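Q:
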Amino acid sequence: MLQTVTEPGDEGATQLAAFRFMLRARLLDDKFAALYRAGKIHGGVFIGKGQEALSASIGVSLKKTDVFAPLIRDAAGRLAFGETILDAVRTYMGSSLGPMRGRDGNVHRGKPREGYLPMISHLGAMISVVNGTLFARRLKGISGTVGVACLGEGATSTGACHEALNQASVEKLPLVLVVANNQYAYSTPTSRQFACADLVDRAVGYGAQPHSVDGTDLVACVETVGEAISRARNGGGPQLVVATLLRLCGHGEHDDGNYIDPKLKASALGRDCLKLAEEFLLKENLIDAAQIAVWRSEAIREIEDAVAQVQREPLPDPFAENWTALSSAHLREAQNEDGH
Ligand SMILES: Cc1ncc(C[n+]2csc(CCOP(=O)(O)OP(=O)(O)O)c2C)c(N)n1
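Under our numbering, the first residue of the sequence shown carries the number 8, and numbering increases by one thereafter.
1) Counting Cβ pairs closer than 8 Å, one from the segment 94-103 and one from the segment 202-222, do we hit at least three?
2) So, using beta-carbon positions, are A167 and G117 closer together than 8 Å?
3) For T197, which residues from the same chain have a beta carbon less than 8 Å from its beta carbon, with the 5 sequence-adjacent residues on both sides left out?
4) Within the continuous beta strand (DSSP E) that includes P6, where are the two ends?
5) Would you say V153 and A239 are within 8 Å of each other, going by their C-beta atoms?
6) Answer with buried or exposed for A313, where buried requires no fewer than 16 other C-beta atoms within 10 angstroms of its C-beta.
7) Could you check whether the segment 168-181 touches the segment 60-72, counting it as contact only if at least three pairs of C-beta atoms, one from each stretch, sit closer than 8 Å?
8) Note down, in chain order, each residue of its chain lying with its Cβ closer than 8 Å to the Cβ of L23, except the 5 sequence neighbours on either side.
9) Would you identify the three-state DSSP class for Q22, choosing helix, strand or coil?
10) Spell out the partners DSSP gives C157 in its beta bridges.
11) Between E234 and G259, what straight-line distance do the alpha-carbon atoms span, to the nearest angstrom?
12) Out of D208, F53, N265 and I310, point me to the one whose CA is closest to G112's CA.
13) Cβ-heavy atom distance between E160 and ligand 1 below 7 Å?
14) So what's A192 in DSSP terms, helix, strand or just coil?
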């Protein structure tokens with residue numbers, strides 16, 4: 008597992024760490040897309056192309072004791088929060104040795120004991136789960152932790168989002184809601200999704216702190232997300248971060264995204280955050296091309312090794328499976344020796 012570099016004040020190191028997770032996530036997503044096309048993955052594949060800067064910024068800003076509820080486009084944040092490539096591959100390929108033991112696929116993976124919450128597909132549903140986790144910690148007397156819930160702009164239209172954001176604000180929970188406004192919810196454009204000038208304007212109505220950021224810009228994402236997380240950690244209550252960017256792929260790999268407006272693709276929103284981050288880090292002499300090539304080939308090797316290993320691992324056996332909910336104490340991941 009890679010170590011996150013988060014020495015306070017060392018922006019360059021944090022940007023570099025975030026870039027490395029972005030790169031690893033892009034390569035991992037590319038591999039999942041290729042496996043899907045080869046018929047090696049059952050169910051959907053959902054990738055985060057164009058959203059890696061925002062997602063990695065969350066992962067590098069969180070501590071391992073925090074709570075993270077990523078969404079479908081958060082491979083970078085997941086890796087930065089500590090997920091291994093092997094666990095991601097095991098879940099996508101249905102290995103019974105994965106964290107979900109082959110019972111949940113693709114993006115439905117996590118380790119609740121480690122504050123890494125497996126996502127529920129129903130849009131907006133994860134925010135109240137984060138609220139509950141934060142509230143439970145408060146009742147236990149645990150302070151100083153933060154919970155991040157990720158969301159798309161489409162999900163902000165749900166009642167679940169409204170209720171949870173209102174609840175977090177009333178309870179002054181250390182919730183950071185990070186909305187990736189990637190311009191489309193499936194094929195629905197923002198003009199059919201909301202009528203306010205900017206989603207971030209909604210923060211004031213709830214009593215949450217607003218933050219806007221250019222989601223294509225790694226430096227801005229690291230700074231803004233880091234600031235929002237630190238405010239929540241220091242008692243500032245709920246924070247709403249709205250990042251503006253463009254989804255550079257279809258909704259899932261079954262969707263070619265042919266409805267995406269070519270003018271948006273050609274605009275500043277359509278720039279590839281990974282390319283921009285690489286150009287920036289090279290220009291600032293924070294890294295050289297040879298080191299990036301090493302990181303790239305290391306990640307490719309790790310991904311290929313994980314796929315080769317998982318292809319030899321057992322699939323779940325429906326006849327031998329204990330169908331009790333995975334949340335049951337004796338089936339949870341990272342079970343202690345004594346079963347508790
Ligand atoms: C309550 C609910 N309604 C509909 C769906 C089906 N659905 C899954 S993803 C999606 C679009 C999500 O768009 P957005 O929230 O903008 O996130 P993005 O996919 O753009 O990252 C829809 C409609 C769902 N999962 N839950």
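Each residue gets a CB set at the ideal place from its N, CA and C atoms; glycine is no exception. Values in this document were obtained by computation on a predicted structure and should not be read as measured data.
A: Let's see:
1) The segment 94-103, when compared against the segment 202-222, does not touch it at the 8 Å Cβ threshold.
2) Taking 8 Å as the Cβ cut-off, A167 and G117 do not qualify as a contacting pair.
3) Closer than 8 Å at Cβ, skipping near neighbours: E160, N188, Q190 and Y191.
4) The structure shown has nothing for residue 6, since the chain only spans 8 to 347.
5) For V153 and A239, yes; Cβs fall inside 8 Å.
6) When all chains shown are included, A313 counts as buried.
7) Remark: fewer than three beta-carbon pairs, one from each stretch, lie closer than 8 Å, so the segment 168-181 and the segment 60-72 are not flagged as touching.
8) Beyond the five residues adjoining it in sequence on each side, L23 comes within less than 8 Å, by CB distance, of V12, L288, L293 and I294 in the same chain, given in chain order.
9) Here DSSP, grouped into helix, strand and coil, assigns Q22 to helix.
10) Looking at the DSSP output, C157 bridges to V185.
11) E234 and G259 have their C-alpha atoms spaced approximately 31 Å apart.
12) The residue among D208, F53, N265 and I310 with its C-alpha nearest the C-alpha of G112 is F53.
13) A heavy atom of ligand 1 is found nearer than 7 Å to the CB of E160.
14) Three-state result, A192: strand.
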